[in-house]
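Heads up: the protein sequence lines correspond to chains A and B, in order. Sequential numbering of the first sequence, starting at 1, is according to my numbering. Sequential numbering of the second sequence, starting at 1001, is according to my numbering.
2 protein chains.
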Amino acid sequence: MPEPTLKDVAALAGVSPRTVSNVVNGYVHVAAATRAKVEAAIQELDYRPNILARNLASGRSGQIAVVIPYLDTPYFSELLQAIIPRARHRGFNVLIDQTDGDPAHEAELIRRRPRGFAYDGMIFSPLGLAQADLSQRDPDLPLVVLGERSSDGEFDHVGIDDVAAARDAVDHLISLGHRRIAAIGDQPYRTGEAAQRRTAGYRQAHEHAGLPVDDSLVIVTPRFNRVDGAEAMGHLLDREDPPTAVFAYSDLVALGAIRTILQRGLRVPEDVAVIGYDDIEDGRYNTPTVSTIAPDKAGIAAAAVDRLLERIDSGNDLPGKEIVCPYRLVPRESTVGPVTPD
Amino acid sequence: MPEPTLKDVAALAGVSPRTVSNVVNGYVHVAAATRAKVEAAIQELDYRPNILARNLASGRSGQIAVVIPYLDTPYFSELLQAIIPRARHRGFNVLIDQTDGDPAHEAELIRRRPRGFAYDGMIFSPLGLAQADLSQRDPDLPLVVLGERSSDGEFDHVGIDDVAAARDAVDHLISLGHRRIAAIGDQPYRTGEAAQRRTAGYRQAHEHAGLPVDDSLVIVTPRFNRVDGAEAMGHLLDREDPPTAVFAYSDLVALGAIRTILQRGLRVPEDVAVIGYDDIEDGRYNTPTVSTIAPDKAGIAAAAVDRLLERIDSGNDLPGKEIVCPYRLVPRESTVGPVTPD
DNA sequence: GCTGCAATAGTGAGCGCTAACATTTTTTCG
DNA sequence: CGAAAAAATGTTAGCGCTCACTATTGCAGC
């Protein structure tokens, strides 16, 4: 037997299809008695609306795309874990697309809706694309950009104040008495805007404290992962004048750096203090636990989803909006040492 | 201006909508000249088919759901990385659903297509559900089950021979001279079928070698992660007669165990040899690198996707099929020590 | 030259729902 | 108490595509 349709329900309940549709979609102006009648019919037939038909009729797919560089990088997977329930709650399903940071792929995704995919809007966390590349986008695609850049009002953007966060991280190290502080993760090239903001914060913290910046302590890494952190830390420790503290541009970098420090028989934080960025779960369970900048991931996810749906509802004719979410500095063992819990 | 439709293209090309549809969908019987004409019109109008309309007309969503317990567990994320391109290549988009192993959620997903989601079939990797629970499924949902169980011909199942794989892992340790071998990860309860298969392999290997099994060396853990591995290893090392080798039921467990061993000042593999299961990337880059059972993830992904699409195409009236994929034993440093590359 | 079968193209009926518009019933209030 | 506003429901035309069914053409075989 074929699936029951809305018409079947209407016939059984003795009302019009329109009324059934109203009930199914929670429209307000339905008399209680009518609603009960319709719901009984729905129960009896085990009716479920055909989503495909609804999509065509409404012109909506009920899906949003979330485009991130890496699915298995903790920061992104944790962010995704926050985005999905938020979207679900609002009646939208999430399509995930991983770009590997490939600039061509990223550019293509915002330039033109790919064939065979149905989504009503996109949350996009670019990696291989510079600020400027984002203007070449499909103006009809409702878009919210995540991450470290500013939108200049051209599009919606959700993120934290990275420069301030980086400055806070380095301030924390300075306040602990450190004077030779390395930075691991700079990317002084076109698409390294995120890294450059952290470097800017690093410099600001030094300036505020009246400390000189030793440029040789700012280490460039191609990515923000464990291996990069471990290698960079190795080079730093090979120097005659190694730093006493490290600001790592991600928790993964921090974890890699800590591992190298420990492998050399040195202690964290006694010999070298380390602070990371992102507040990923691995850092919270590491030995030592990793001090970090904790962006409000739930807040970012909620803001991004809500803004995107607002934009979709509006027919995509809203001006670009800059949404700045809070972050917290979370001191843990890797900077302040073991804390005895009460 | 509204999006161009198939009709617009047909008008411009001077053919019928049907012919345009044929061209778009790569139907064979289209004269080359006609095809060229239509393609030119498509180009000119920048036409893209409306997926929503196609879905309704064809009764297909072009999407499949992949249901896994955890998105950020390396084994699953790596498997997903293999499934997605395979499905894409075949013209299907992948919807990801994470269950956290929640039995109720898992049961619900296979019992009844949730409202608001469109997919034509499901690849399902159950965690909180026992074999028996799978029979309570929606018979109309094209389903392929992944992981460690057998289907008994009731549904399609793709996996490796876990009992044999576990046996091989333990054989490997035995062949290296180990006689006291622990197993970390047993789950002797209803939903622990996967773990129980590995324990069976562990026992078989002992039997074949004529070794007695010391049941106190079979450690139960609630999950297969680093923390569980680290804790279990701690208990084992606290014993008066610690094992000289460990078969960990996942690479994460192995990584946790290795960490505990190293923290105690012992060496791997000289003091304790460790072999894992899954062949995740973390294990390949760990120090020491982790010996493991490497399931053919690409093969599993391909088999699962292909079988599911076959089932969808057939209208879901295929008998259940058991697909067994190959695996490899990969000896690395954690059992055989450093290997000098040529 | 005629039949018959491929190859090629056209016609039109939906797919099951939404939503604009229309209609009827109920409520509000001077 | 009657007019107007609000609530409740009905009517119906699509949404843009696919696909079963038809109609036309080309050409081999006799």
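For each residue, glycine too, the CB sits at the ideal point set by N, CA and C.
Pairing B/R1226 with B/S1021, the inter-Cα distance amounts to about 53 Å. Going by DSSP, A/P142 is part of no alpha helix (DSSP H) at all; its letter is neither H nor E. DSSP, reduced to helix, strand and coil, places A/N225 outside both helices and strands of the structure shown, so it counts as coil. In the DSSP assignment, B/T1335 falls within the unbroken alpha helix (DSSP H) covering 1333 to 1336. No residue range can be given for B/L1211, since it is assigned to no beta strand (DSSP E) and is classified by DSSP as neither H nor E. Chain-order list of chain B residues neighbouring A/L127: empty, with the shortest C-beta distance near 17 Å, by a criterion of under 7 Å. Using a CB distance below 7 Å, no part of the segment 238 to 261 of chain A faces chain B.
Remark: C-beta atoms of B/L1006 and B/H1172 do not approach each other more closely than 7 Å. C-alpha of A/A107 to C-alpha of A/A248: approximately 29 Å in a straight line. Within its own chain, the residues whose Cβ lies closer than 8 Å to the Cβ of B/G1192, once the five positions on either side in sequence are excluded, are D1186, listed in chain order. Within chain B, the residues whose beta carbon sits less than 9 Å from that of A/P74 are D1072, listed in sequence order. Under the three-state reduction of DSSP, A/T199 is assigned to helix. Counting only residues of its own chain and dropping the five nearest sequence neighbours on each side, A/S334 has a CB closer than 6 Å to the CB of V268, P269, V274, P288, V290, S291.
Under a criterion of Cβ atoms nearer than 8 Å, the residues of chain A adjacent to B/S1077 are, in order, L71, D72, S77. Assignment of A/I258 by DSSP, reduced to helix, strand and coil, places it in the helix class. Listed along chain B are R1048, each with a C-beta nearer than 8 Å to that of A/R113. C-alpha of A/P295 to C-alpha of A/M233: approximately 24 Å in a straight line. Comparing alpha carbon positions, the residue from A/G147, A/V163, A/A36 closest to A/V15 is A/A36.
With a threshold of 7 Å between beta carbons, A/F124 makes no contact with chain B. With 16 or more other Cβ atoms from the protein chains shown falling within 10 Å of its own Cβ, B/N1093 counts as buried. Contact between A/A298 and A/T260 is ruled out by a C-beta separation of about 32 Å, above the 8 Å threshold. If you draw a straight line from the Cα of B/P1326 to the Cα of B/I1160, it comes to about 6 Å. Nearest C-alpha to A/N286 among A/L255, A/P2, A/A183: A/L255. Nearest Cα to A/E240 within the set A/S175, A/A166, A/S216: A/S216.
If you check the CB distance, B/R1060 and B/D1156 do not come in under 7 Å.
DSSP places B/T1005 in the coil class of the three-state scheme, outside both helix and strand.
At a cut-off of 7 Å between C-beta atoms, B/A1118 counts as an interface residue with respect to chain A. According to DSSP, residue pairing for B/R1328 in a beta bridge involves B/A1294. Between B/A1304 and B/V1213, the gap from beta carbon to beta carbon reaches 7 Å or more.
Per DSSP, B/F1076 is not a residue of any beta strand (DSSP E); the alpha helix (DSSP H) it occupies stretches across 1074 to 1089. Among the residues of the segment 1090 to 1101 of chain B, those with a Cβ less than 7 Å away from any Cβ of chain A are G1091, N1093, L1095, I1096, in the order of the chain. Of the other Cβ atoms in all chains shown, 16 or more fall within 10 Å of the Cβ of A/H178; this residue is therefore buried.
Burial check for B/V1023: the Cβ neighbour count within 10 Å reaches 16 or more, so the residue is buried.
Counting only residues of its own chain and dropping the five nearest sequence neighbours on each side, A/G153 has a CB closer than 6 Å to the CB of G320. Taking 7 Å as the CB threshold, A/I300 stays off the interface with chain B. Taking B/A1166 as the centre and dropping the five residues before and after it, the same chain places the C-beta of R1198, G1201, Y1202 closer than 6 Å to its C-beta, in chain order.
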